[in-house]
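Below: one structure, written as C-alpha cells.
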Amino acid sequence: MVDEILQSKNDLKMQIKNLNFYYGTHQVLKNINLDIKSNAITAIIGPSGCGKTTFIRILNRMNDIILGTKIEGDILFDQKNIYDDDIDVVEIRRKIGMVFQRPNPFPKSIFENIAYGLKINNLTVNKGELRERVEVALRDAALWEEVKDRLNTSALDLSGGQQQRLCIARALAVQPEVILFDEPCSALDPIATAKIEELIQELKEKYTIIIVTHNMQQAARASDYTAFLMLGELIEFDITEKIFTNPSQKITEDYITGRFG
Amino acid sequence: MERQLDYELNGLKEKLLKMASLVEESIAKAIKSLVKRDSTLAQEAIEEDTQIDLLEVEINNLSLKLLALKQPMASDLRFITSAMKISAHLERIGDQAVNIAERSLELITQPLLKPLIDIPRMAELAQEMVKNSIGFLINNDISSVEELWKAENVVDDLNTQIFRELLTYMIEDPKTIKRAVGLILVGRHLERIADLSTDIAEEVVYAVSGKNIKHFYKAKSF
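As given, the protein sequences belong to chains A and B, one line each in that order.
When we follow this note's numbering, the leftmost residue of the first sequence carries the number 142, and every step to the right adds one.
When we follow this note's numbering, the leftmost residue of the second sequence carries the number 365, and every step to the right adds one.
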C-alpha cells in the first residue's frame, strides 16, 4: 500500500528548496528542503515554536503582510517560484488556499460567504452559475445538507464545526489546487474534528493538502506524509507510516514517543 | 524523561520475564522428571502450566490496554505488539514442556531404554535459548542474536542424532519401539522449543531495530 502511494502520485505540486526565513535578524527556518506530492496529505508536526505555522504561511505568501521578514530559497508551485517578481500574489492565494485554526466566517449569510470570493474574482458570469458554484462548494465541504434550507441565514449562527466547514467551502469555491490547513481542528470538539478529518481524506482526490498539526495522533490518522520540524529545522520527512512505526532519527522517535516536547 | 508509559512498559517487561522464567522452569522440571524417573516432578510441570497460560492472558490484556489508552508510537508500539506475539510463543513453549512431562510419565512406567545424554543436552540448550531470546528484548540489545541461530542448528543436529540412534534400537528389537518413540517425541518437543525461541528472537529483532527478518532464515544478517 505504501508503494502505491509512492508510485501512483509521482508529480510534485510544490517544492521547497533551501528555505531560510527571518523575522528581522532572528532566523526561524533553517535550510528547509521539502517536496509536496500532488493529491496527497502532508502533515507538518513539531513542538510549539518550531516554525510550522511560519512555514505554512510562506507557502501562500501570507508572511508578506508582516513587516521586517526576509526569505531566502525557492518555493516552487508547479515548478514556478511563487516569490518571483512576475507573480500575482492574489492569484497565488486563490490557488493555494488557507483554512485557519479558528473558524473565521465573514459576518454575512452562508451564501454570501461562499459567493464573495467568486464575485470579487469574477469567476462566474451570472447568478445561476453563482448559485451552482456555491452549492458545489458546500457539497464538497460536506456542509450542503445541513445548510441548504437556510443559505440566507448568518454564518455566525453555525456551530464551530460547521463554521470551519464553511471556511473550507469558501476556500474550495475559488477552485484552489492546494489547501493549507493550519491546525484546523484545535478549536473543535472530537466529533467535528472527525468530520473534518474525513473531509480532508475526500478532498485529497482533487486537491493537494498540507496540514499543520500539534496533534500527533491526527497526523498519524489523517496524513500520507509527515514532516517533523524542530527549532526551525526539518529533522525528518517520510511516509507517515514509517515516521510513526520506525523513524530514522532519534529526535523524531523521542518527540513522537513523548520523551520530550 | 521518565514517562507514565515507561512505568507501564516496565510492568509488561516484568510479566514477560516472569513468563519466560516459568517456562524455563517447566522445561527443566519435565526433563528432570525423565532423567530422575520422578513422576511427581512431571505432575508439577503439568499443573504449573496454568500459571503460564494466565500470564499470556495478562500480557495480552495489558498490551491491548496500552494500545487503546496511550497511543504508543515507534519503538513503544513495536515493543507492545511484539510482547503480544512473544507471549503466544512462550505459551506454546510451555505446552511443549507439558508434552515432555506427559511423555516422561509414560516412559517412567517402563524400564530405561538407554542412558540419556543427548536429550538433557538438548534441553539445556533449549532452556538457554528461551532465556537469551527474552534477554535480548529486556536489554534492548540484539548484537549477539546470531548465537541463537547457531544454537538452533545444534539442537536440530542433536534431534537428528537422537532419531537415528533410536531408529537402530527399534530395528534391532521391536519391543523397544514404544520407549524409543517416546524418546523421539521428547526430542521433537525440544526441537519445537528451540524453533519457538528463534521465533521469539525474530520478534525481538523487529521490536528493537524495526527490521522484519521473519521467514528469511538464511538471510538473518541485518
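We put the CB at the ideal spot given by N, CA and C, even for glycine.
Being a predicted model, the structure only gives us computed values, none of them experimental.
Whether residue i touches residue j by CB criterion (8 Å)
| i | j | result |
| --- | --- | --- |
| A333/A | G302/A | yes |
| I423/B | L380/B | yes |
| P246/A | Q304/A | yes |
| T183/A | A361/A | no |
| A438/B | I391/B | no |
| V550/B | L454/B | no |
| N174/A | L370/A | no |
| D281/A | A256/A | no |
| T354/A | E318/A | no |
| N204/A | D215/A | no |
| E555/B | D520/B | yes |
| I472/B | S403/B | yes |
| L340/A | R306/A | yes |
| D176/A | L153/A | yes |
| A565/B | L512/B | yes |
| L279/A | V288/A | yes |
| Y533/B | L441/B | no |
Selection from the options that minimises the alpha carbon distance to residue i
| i | options | result |
| --- | --- | --- |
| L321/A | N201/A, I157/A, K178/A, V169/A | N201/A |
| P244/A | N254/A, R235/A, I237/A | N254/A |
| A558/B | I472/B, S497/B, I416/B, K434/B | S497/B |
| V456/B | L530/B, T532/B, L547/B, M383/B | Reading the sequence as shown, one finds Arg at residue 456/B and not Val. Considering only alpha carbons, the answer is M383/B. |
| S451/B | L560/B, D521/B, K578/B, I577/B | L560/B |
| R234/A | C326/A, A314/A, L160/A | A314/A |
| R543/B | Q415/B, E389/B, M486/B, L480/B | L480/B |
| Q220/A | E338/A, P248/A, Q168/A, I157/A | I157/A |
| K336/A | I351/A, A363/A, M357/A | A363/A |
| E324/A | Q168/A, F162/A, I185/A, M155/A | I185/A |
| C326/A | L344/A, N356/A, L299/A, K345/A | N356/A |
| N337/B | L547/B, E466/B, A432/B, M486/B | The structure shown does not extend to residue 337/B, since chain B spans only 365 to 586, so no value can be given for it. |
| S427/B | K396/B, G375/B, V509/B, G574/B | G375/B |
| N504/B | E366/B, L373/B, S385/B | L373/B |
| S295/A | W285/A, L271/A, E338/A, P248/A | P248/A |
| T210/A | L271/A, K347/A, E270/A, G165/A | G165/A |
| E567/B | I506/B, I526/B, L547/B, T540/B | I506/B |
| H553/B | D459/B, K514/B, S397/B | D459/B |
| G258/A | Q242/A, G238/A, Y163/A | G238/A |
Bridge-paired residues (DSSP) for residue i
| i | result |
| --- | --- |
| E213/A | N161/A |
| D176/A | Q156/A |
| A592/B | As shown, chain B starts at 365 and ends at 586. That puts residue 592/B outside it, with no answer to give. |
| A384/B | Answer by DSSP bridge pairing: none, since A384/B is not bridged. |
| Y366/A | T183/A, I380/A |
| V240/A | F322/A |
| K221/A | F218/A |
| L375/A | L370/A |
| I351/A | T183/A, L321/A |
| Q305/A | Looking at the DSSP assignment, Q305/A forms no beta bridge with any residue, so it has no partner. |
| Q168/A | Y163/A |
Test: residue i CB closer than 8 Å to a CB of chain B
| i | result |
| --- | --- |
| I397/A | yes |
| F322/A | no |
| N387/A | yes |
| E377/A | no |
| E338/A | no |
| E394/A | yes |
| R400/A | yes |
| R291/A | no |
| V143/A | With a pLDDT of only 48 at V143/A, under 50, the local geometry of the prediction cannot be trusted, and the value read off the model is given with reservation. It does not; no Cβ of chain B falls within 8 Å. |
| N161/A | no |
| K150/A | Model confidence at K150/A stands at a pLDDT of 44, short of 50, so the residue's coordinates are unreliable; what they give is reported in the following sentence. With 8 Å as the cut-off, K150/A does not count as an interface residue toward chain B. |
C-beta neighbour in chain A for residue i, strict 8 Å
| i | result |
| --- | --- |
| L441/B | yes |
| R528/B | no |
| A432/B | no |
| R543/B | no |
| E372/B | no |
| R485/B | no |
| R552/B | no |
| R401/B | no |
| R556/B | no |
| R367/B | yes |
| F586/B | Because the pLDDT at F586/B is just 48, under 50, the model does not fix this residue reliably, and the point stays unresolved. |
Residue i Cβ short of 7 Å to the ligand ADP heavy atom set
| i | result |
| --- | --- |
| A283/A | Among the ligands in the structure shown, none appear at all, so the ligand ADP cannot be discussed. |
**Study point:** Interfacial residues, the segment 559-584 of chain B to chain A, with Cβ spacing under 8 Å
**Key:** G574
Exercise for review: With 8 Å as the C-beta to C-beta threshold (strictly closer), list the residues of the segment 348-369 of chain A near chain B in chain order.
Suggested key: M357, Q358, A361
Practice item. May I ask you to list, following chain order, the residues of the segment 436-465 of chain B that have a beta carbon less than 8 Å from some beta carbon of chain A? Key: P436, M437, A438, S439, D440, L441, R442
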